[in-house]
Amino acid sequence: MVHASCLVIYWFVCVFSSVKVAAEVGGSPTVVTPSGPIVGSLMTSRRGRPIHAFRGIRYAEPPIGELRFRLPVLLTKYKEETRQRKAPRVHKMLTRATSLTKTTYHFPFTRGGVHPRWSYYSVSGRSAGPHYLLDKDLLLVTINYRLGSLGDAEAPGNNGFKDQVTALRWVKRNIESFGGDPNCVCFIRAISMSGSPFSQIPRSQELLSLAVRQARLVDCPDSLTRAIVDCLRTVPWRRLGDSLKGFRDFSIDPIIIWRPVIERDYGQERFLAEDPMVSIREGRISSVPFIVSQTRDEFFWEAFLVLDNFIHTSLINSDWYRVSPIAFMLPSPSNHAAAVLGEAYVGNQPLENNTEDAQNLGKLYGDAVIGFGVHSDPNPLWGTSPPTWVPFTPSNGTNLSISEQYTLGQDWYKERYRIWEQLYPIDCSL
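Sequence positions in the sequence shown follow mature numbering (1 follows the signal peptide of the UniProt record, and there is no 0) and run -23 to -1, 1 to 407.
What follows is the structure, encoded as structure tokens:
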């Protein structure tokens, strides 16, 4: 469901000679923007460079009360001088915030000549801080946003994505005051950390069944959508967060509950109108540099949660075909894929709590949740020759390994991913 009650942006901006820093109030930098004056604070980068920080600046109305599950409402003008807020805290797996906000950080320095300007945009206010990145001359913007969706006329879904779009609109309107270029506020390149828009994970046009389940977990009516939404708008955020365990069907799975929704047209502004693979196949996307990444052995740890628990181990052994689509997020029908994956990864043998079985089950979890999606290459959809900026092709599988040294490799886990490609092939026909 909606896991935030406040939408904020965190600004970390690189200031050049043209930045309009109006004054420093009690040592605090002040920037005059079209939305109003904003008072920040002083920070220091890892290597001692001074930073002007503007944290917790609201970009939209708080999504609470009647605005919960609604489209974000852009803030265009502050009623009074805005002073930075503290970063929202996290309660368990629930983001507790009091508004939709952003943060900006910048360097207070001046130098002559032509200055390159570029910005780094993070999709999470907690995933990237300024201390490392702002050792360089850049502008950093991070935001927080809501999590969860429904997918119905009463709550069409994808509000977290729509919050990000609203934040970008705020940035475009105000970024010049921080030394940025409003004409460059767009996705001209991107990085996906531990994720990819292409995988076997099922997509849906609605998540109403999850909304009904959520309603039952917090004692709301579950018959009519309007009644469900009206009741859930009154449920305290903490109770919603504490109900998360009620969505578990096996161990802690499914690991992803509220997925993006392919929105039906109810007259609302839609974020995702069709399946991303359809958009690529029909050429309705922008061709930009895109880096996808994963961490070695990512989600490997889920195997230990299963094998360290006798009940979970017994269940996955006795009911593999029911558990597999839950644990490994397989689309329906899933029996064939479950059989192929069971043979390839665990040899169709009963699992035991030992090192070998933990390694095999851990690989299956990692490949299902992250690995296969990151490994997939959509470039053949654009023709036989991928863009020159992409070192990865289906034939060479080139990848960059980042550890103590940067190394190029080929065909990372080729044999394992070939199984997934056969089960869930990308249609390369135009």
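Glycine is no exception: its CB is placed at the ideal position from the N, C-alpha and C atoms.
First and last residue of the uninterrupted beta strand (DSSP E) at T211: That residue, T211, is in no beta strand (DSSP E); it is neither H nor E in DSSP.
In DSSP terms, what L44 is bridged to: BP columns for L44 are empty, so no partner.
Residues of its chain near F281, where Cβ-Cβ distance is below 7 Å and the 5 sequence neighbours each way are ignored: A335
Close Cβ partners of R203 (< 8 Å) along its chain, the five nearest in sequence each way excluded: E131
Sequence-distant residues of the same chain with beta carbon closer than 6 Å to R397, five excluded per side: Note that residue 397 is Trp in the sequence shown here, rather than Arg. Answer for W397: F349, listed in chain order.
Beta carbon of W297 nearer than 9 Å to that of G339: no
Among R26, S301, Y36, the one whose alpha carbon lies nearest that of D140: Y36
Coil, strand or helix - P174 by DSSP: coil
The stretch 292 to 308 / the stretch 193 to 203 touching (three or more Cβ pairs under 8 Å): no
Status (buried if at least 16 other CB within 10 Å, exposed otherwise) for P272: A small correction: the amino acid at residue 272 is Thr; Pro does not occupy that position in the sequence shown. Burial call: exposed.
Residues near W147 by beta carbon distance below 6 Å, same chain, minus five either side: Y36
Integer-rounded CB distance, given that V238 should sit under 8 Å from L249: 7 Å
Nearest residue (CA-CA) to residue 438, options P253, F175, I234: Any answer about residue 438 is impossible in this case: the structure gives the chain only from -23 up to 407.
Segment limits, beta strand (DSSP E) that includes I15: 13 to 16
Entirely enclosed alpha helix (DSSP H) segments - the stretch 256 to 286, minimum 4 residues: 279 to 284
Residues near residue 408 in its chain [Cβ-Cβ closer than 8 Å; skip 5 each side]: Since the first residue of the chain shown is -23 and the last is 407, residue 408 is not available in this structure.
Cβ neighbours of P253 in the same chain (closer than 6 Å, five flanking residues each side left out): P174
Three-state class that DSSP yields for N330 in the structure shown: coil
For D344 and S362, the rounded distance between their alpha carbons: Residue placement at S362 is poorly supported in this model, since its pLDDT is 42, which falls under 50; the coordinates still yield a value, given next. Cα to Cα, the separation comes out at about 27 Å.
Residues near P93 in its chain [Cβ-Cβ closer than 6 Å; skip 5 each side]: Confidence at P93 is low in this model, with a pLDDT of 35, below 50, so the placement of that residue is unreliable and no value is reported for it.
Three-state class that DSSP yields for D219 in the structure shown: helix
Cut-off 6 Å between Cβ atoms - residues of its own chain near D226, not counting five sequence neighbours on either side: I303
Distance, Y322 Cα to L284 Cα: 15 Å
Buried/exposed call for V255, threshold 16 Cβ in 10 Å: exposed
Beta-carbon separation (whole angstroms), V346 vs S270, contact threshold 8 Å: With a Cβ gap of about 14 Å, V346 and S270 do not count as contacting.
T143 - containing beta strand (DSSP E), residue span: Element bounds for T143: not the beta strand (DSSP E) but the alpha helix (DSSP H), 136 to 151.
Outcome for G157 when other beta-carbon atoms lying within 10 angstroms are tallied against a minimum of 16: buried
Spatially closest choice to R210 from T21, L44, G386, by CA coordinates: L44
Beta-carbon gap between A314 and Y243 smaller than 9 Å: no
Three-way DSSP call (helix, strand, coil) for I168 in this model: strand
Between the CA atoms of L48 and R166 - distance to the nearest angstrom: 26 Å
Inter-residue Cα distance where the pair is R24 and D112: 6 Å
Whole runs of the beta strand (DSSP E) within the stretch 291 to 324, excluding any shorter than 3 residues: none
Cβ neighbours of Y394 in the same chain (closer than 8 Å, five flanking residues each side left out): D344, G348, F349, H352
Coil, strand or helix - F224 by DSSP: helix
Nearest to P179 (by Cα), restricted to the options G172, A188, V212, R236: R236
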